[in-house]
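The sequence shown maps to residues 83 to 612 in the numbering used here. Heads up, the thing below is written out as structure tokens.
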Amino acid sequence: MEQAALLRDDGSPNVSDVEGGLRSAVDDETCPAVLDLEQAFHRIGYGWQQIRVLVICGLCFCTDSIEVGLLSFLQAEAKVDFHLSTTEESLLTSIVFAGELTGALIFGPMADRYGRKAATFASAALVAIAGVASAFAPNFEVLVALRAFVGLGIGGMAVPFDILAEFMPSEYRGKALMGIEFFWTFGTLFVNGLAWAMLSAEGWRLLVGLCSVPVVLAMLSFPFMPESPHWLLTVGRSEDAVVVLRRAGELNGRPGAIGPNTRIVLHHETTPSIKYSLSSSPPSAKKYSRTDGDGTSDSDSDEERERRAQVTIQDDAQSVGSLKEEAAHNSMSVRALFQAKYLRTTLLLFTTWFSTGLTYYGTVLIAPEFFSQSDDPTDFNYPSLFITSLAELFSCTLAFFLIDRVGRKALSGWAYLTCGVFTAILMGAKHMPKGLGIVLLMVARGSIFIGTSTTWVVTPELYPTTVRAAGHSWCNALARVGAFATPYWGNTEAVPFELRLLFYAVFDVVAAVASFSFPKETAGKALMDD
């Protein structure tokens, strides 16, 4: 009779009754529940825990944009203060990007082997200490050395982005990761606003010191930062993962979401949706018995439930063992990213990130020159710079609503293509009214921001947990290679203004083609662990 009650008159399963049975089964704390991560995230929901992680990671993330925006002001001011040559002026900017390149190659693999939280704290501490010390640099040589350490720490700022990705349910991940881009925009407006308000009167040293405030706040918040449950499970620390998820549930107002007997596994032997198993009845009289998320049914005894749970746990333990070996072998080596299963993804992402490094930082660094009111390199048109920076705020809001609707591939591809077109039009902007030039630069900067932000979102989604931080950081490193070349290629005395813009437009198109060619669409999909 119970099985029959699960069928409608037409013989199809009565889903509402099955769901009710599922809820009663999984809420029963007398038998151990076996949940995969996606199920666990659905149970704890989206709430204050994710918001806390978002804010802490966002404070780290905005540090990158603050330091990038600071470069154009620091380069011009230090040139006058320390009587720098053109080569020394470019060195001050390039040394930061060189440090970022090195840091990305260190902190990303470190995060895959030793944990996301440890790598993030180490990189943030480096930025905070060297950033504050830069304000007291007595000469150019010391300033260059300190800025190199700042760059080294910034190279690890892709890791907090991965923590956020690994702490989100699939349906919230796109918007959450795009939401962190508001912190990037905040950083851009923060440094431009500070420079506008105080650089002329107070000088560059106070500006440099104040730019370290967000990362210092992030460090003070680190006791509240959880470790990634994905990483904990891949290294076999399942009990720690349960503790992290249980605390998250409590903070989200769901204290019983992860029961005392719950086991968390990477992959379930059955899919996380409601399932039905065929009974042993003849084909003409097929009936469905109710099964819950861990593959048990109503007719199972407690012993059978325990047996099935143990089978799932044992199977997952074997999977974790292989993942631990893979993580230990791969996390400190770029060769893992060029294995056959990752090769296409790696080549396309590397191409996109290198192109982004050239075009985004080129657009940022060219803005002060574009709006310069005289031949004096320190005579900045602050209102125009601030207005163009606001383009990122609008673009971030637009991308937030489009990231899941349009998809990662289409959004990034069309954004890069739009930037390429408007960057090419800007080649004649010096002969246009200033207002038109501002509009063109706002569209170009807004478009490249959408493309870059979407690339940040899709990158951790295309790599599995065992190489996610390393892959993301190596991609970030490729962007720093492009950024490293930008101050030399973008030097006003070496390359004409129009030729630089054409160069950036070409690489925008390259990034668009690579984005359209990504191997799969990741919107709404669970993160890969292997």
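Yeah, the Cβ is synthetic: ideal placement off N, Cα and C, and Gly gets one too.
- Taking 8 Å as the cut-off, the beta carbon of GLU603 is found no closer than this to the beta carbon of LYS423.
- As computed with DSSP, VAL116 is found in a beta bridge with ARG345.
- In the same chain as GLY495, and ignoring 5 residues on each side of it, the C-beta atoms closer than 7 Å to its own belong to ALA594, SER597 and PHE598, in chain order.
- Apart from the 5 residues on each side of it in sequence, THR202 sits with its Cβ closer than 6 Å to the Cβ of VAL241 and PRO242 in its chain, given in chain order.
- In terms of CA proximity to VAL588, GLY502 leads the group THR427, ALA258 and GLY502.
- In the three-state reduction of the DSSP assignment, VAL137 falls in the helix class, which pools H, G and I.
- The beta carbons of MET260 and ALA605 sit about 11 Å from each other, so the pair does not count as a contact at 8 Å.
- For CYS501, the enclosing alpha helix (DSSP H) begins and ends at 490-507.
- Going by C-alpha positions, PHE123 is about 26 Å away from TRP266.
- Ranked by Cα distance from ILE236, the first of THR175, HIS554, ASP118 and CYS142 is CYS142.
- CA-CA distance, ALA217 to GLY439, rounds to 27 Å.
- Collapsing the DSSP output to three states places ALA551 in a helix.
- ARG426 and PHE179 do not touch by the CB rule: their CB atoms are close to 27 Å apart, not below 8 Å.
- Scanning its chain for C-beta atoms nearer than 7 Å, with the 5 sequence neighbours on each side dropped, one finds around ALA258 the residues GLN132, LEU136, LEU246 and MET250, in chain order.
- Nearest Cα to TYR196 within the set VAL577, ALA552, ALA565 and GLY564: ALA552.
- Residue range 579-598 is occupied by the alpha helix (DSSP H) that includes SER597.
- Of the candidates PHE306, THR316, LEU315 and TRP313, PHE306 places its Cα closest to the Cα of ARG329.
- The residues GLU603 and ALA605, in chain order, have a CB closer than 7 Å to that of GLY489 in the same chain once the five nearest residues on each side in sequence are set aside.
- ALA204 is not a Cβ neighbour of MET301, given a cutoff of 8 Å.
- THR541 and ALA283 have their C-alpha atoms spaced approximately 42 Å apart.
- Going by beta carbons, THR428 and ALA115 fall outside the 8 Å limit.
- In the three-state scheme derived from DSSP, where H, G and I count as helix and E and B as strand, CYS142 is classed as helix.
- If you look at SER535, you'll find it in the alpha helix (DSSP H) that goes 516-544.
- For the pair PRO546 and LEU472, the Cα-to-Cα distance works out to about 35 Å.
- Residue burial is scored here from C-beta neighbours: ASN221 has fewer than 16 other C-beta atoms within 10 angstroms and is therefore classed as exposed.
- For HIS554, the closest alpha carbon among the candidates GLU120, GLN157 and ARG198 is that of ARG198.
- VAL592 and SER437 have their alpha carbons spaced roughly 7 Å apart.
- The criterion of a C-beta distance shorter than 8 Å is satisfied by GLY181 and LEU234.
- DSSP, reduced to helix, strand and coil, places HIS312 within a helical segment of the structure shown.
- Secondary structure note for MET301: its alpha helix (DSSP H) is the uninterrupted segment 295-302.
- Shown here for LEU173: same chain residues with a beta carbon closer than 8 Å to its own, the five before and five after excluded, namely VAL226 in chain order.
- Of the residues assessed, GLN157 falls on the buried side of the cut-off, its CB having 16 or more other CB atoms within 10 angstroms.
- Excluding its 5 nearest sequence neighbours in each direction, VAL232 has C-beta neighbours in its own chain below 7 Å: GLU149, VAL178, GLY181, VAL209, ALA212, GLY213 and SER216, listed in chain order.
- A distance below 8 Å separates the beta carbons of ARG125 and ILE340.
- Cα atoms of SER176 and PHE420: separation of roughly 28 Å, rounded to the nearest angstrom.
- Scanning THR169, ALA219 and LEU152 for the CA closest to the CA of LEU271 turns up LEU152.
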